[in-house]
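2 protein chains.
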Amino acid sequence: MLSEAERRCAERQVRLTPQRRRVLEVIADRHGAIGAYEIIARLGEGRSRPAPISVYRALDFLMAQGLVHRLASLNAFIACSGPDRAHGAQFLICRGCGVIGELNDASVEAAIGRAAAAAGFAVAAPLVEVTGLCRSCRTSDAPA
Amino acid sequence: MLSEAERRCAERQVRLTPQRRRVLEVIADRHGAIGAYEIIARLGEGRSRPAPISVYRALDFLMAQGLVHRLASLNAFIACSGPDRAHGAQFLICRGCGVIGELNDASVEAAIGRAAAAAGFAVAAPLVEVTGLCRSCRTSDAPA
DNA sequence: GCCCCACCTGTTACACTATAACATAGCGAA
DNA sequence: TTCGCTATGTTATAGTGTAACAGGTGGGGC
Ligand SMILES: [Zn+2]
Ligand SMILES: [Zn+2]
Ligand SMILES: [Zn+2]
Ligand SMILES: [Zn+2]
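Encoded structure:
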């Protein structure tokens, strides 16, 4: 995953500096979403704690490269599960266990495109965040 | 619109108190999204400025009744354009002029439902916020 | 080699968004 | 009337994100 990021940045002629790389590592370590200030806390564990702006700048970079997504409904960030191709962000957020799945379903994107086009709207960045229950939480959460 | 809200609250046996009603008025006046602190400022124009928590409580109420939606990607609130039926929130947000359209397209919701079901995920609250350019901004924004 | 420019990072301070905890007030039903 | 629920007020604080400016780094052209 990290090496994939290296490759991608080299290809794009942008610099995955140590600091940006550390931020990406922290995000990827966590399997799930992580808040910006938790990233700051993790980075500050050994060394000196970076200022918020530093981490936000790294996050901006990583998002621009498509390596990280922002979850607007959680104010949190998550590593992209398949940074190979360009894609809008589609997420399934389990409110039981907090696990997050990245979808990127073409039919969803197509339906959004059609509906937007019908309104004369040109889509730039579709954002889909679905709250609900994942498979395991759904079964363990059997109705009384 | 306000009378529709009155009716809906009466039907549900919940109270659209003066304060909640004023918050709804401020949101509806603005055709578009409005931030919580701007609502506070507007409400404080004549009278004494309410505390943030008061407005947030009113917003929670209005959202629970389906009269207002929250736009997670903007940290802002908007009056529901068709509060009659229950619906997930689907929005088209123009980054040119800031105008916001509420979609609620059944095919989009269906596509999300299908994709989620394929992952074993039970949808509770689908959130769709599409950034792009509205019809008029798209034409006026002709490439150089 | 040297300079210049573009990019990256640090520092400080601040703006914006949202909630916790506890006290008070209104309102209707038993 | 009195109880209990809901709504509101008060105060303080937590959480999230940027502005503005200074300093550092590194590579390419001279
Ligand atoms: Zn992704
Ligand atoms: Zn779950
Ligand atoms: Zn609506
Ligand atoms: Zn527009």
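Order-wise, the sequence lines are chains A and B. Each residue of the first sequence is one higher than the one before, counting from 5 in this note's numbering. Each residue of the second sequence is one higher than the one before, counting from 5 in this note's numbering. We put the beta carbon where it would ideally sit given N, CA and C, even for glycine.
Note on geometry: alpha-carbon atoms of A120(B) and L96(A) lie some 7 Å from one another. The C-beta distance from L66(A) to L28(A) rounds to 6 Å, short enough to meet the 8 Å contact threshold.
Against chain B, a Cβ distance below 9 Å from R139(A) picks out A123, G124, F125 and A126. The closest heavy atom of ligand 4 lies less than 8 Å from the beta carbon of L137(B). Around the C-beta of C13(B), 16 or more other C-beta atoms lie within 10 Å, and the residue is accordingly described as buried. Proximity of V59(B) to chain A, defined by a Cβ-Cβ separation below 9 Å, is not satisfied. R25(A) and S140(B) have their C-alpha atoms roughly 41 Å apart. C-alpha of R53(A) to C-alpha of V59(A): approximately 10 Å in a straight line. In the displayed model, Q94(A) falls within a strand according to three-state DSSP.
Taking a C-beta cut-off of 8 Å against chain B, the contacting residues of the region 108-120 of chain A are D109, S111, V112, A114, A115, I116, R118, A119 and A120, listed in chain order. Between ligand 4 and V103(B), a heavy atom-to-CB distance of less than 8 Å is present.
Beta-bridge pairing by DSSP links G136(B) to V127(A) and C98(B). Membership of E106(B) in the beta strand (DSSP E) is indicated by the continuous run I104 to E106. Taken from the Cβ of S85(B), at least one heavy atom of ligand 3 lies inside 8 Å. Below 8 Å, enough C-beta pairs join the region 118-132 of chain A and the region 118-138 of chain B to call them touching: three or more. Straight through space, the alpha carbons of S111(B) and A114(A) are spaced by roughly 10 Å.
With contact defined as three or more Cβ pairs closer than 8 Å, the region 84-100 of chain A and the region 98-112 of chain B are not in contact. Straight-line spacing of the CA atoms in F81(A) and D33(B) works out to 34 Å. Contacts with chain B at 9 Å (Cβ-Cβ) do not include L71(A). Within the chosen limit of 8 Å, ligand 2 reaches the beta carbon of S140(A) through at least one heavy atom.
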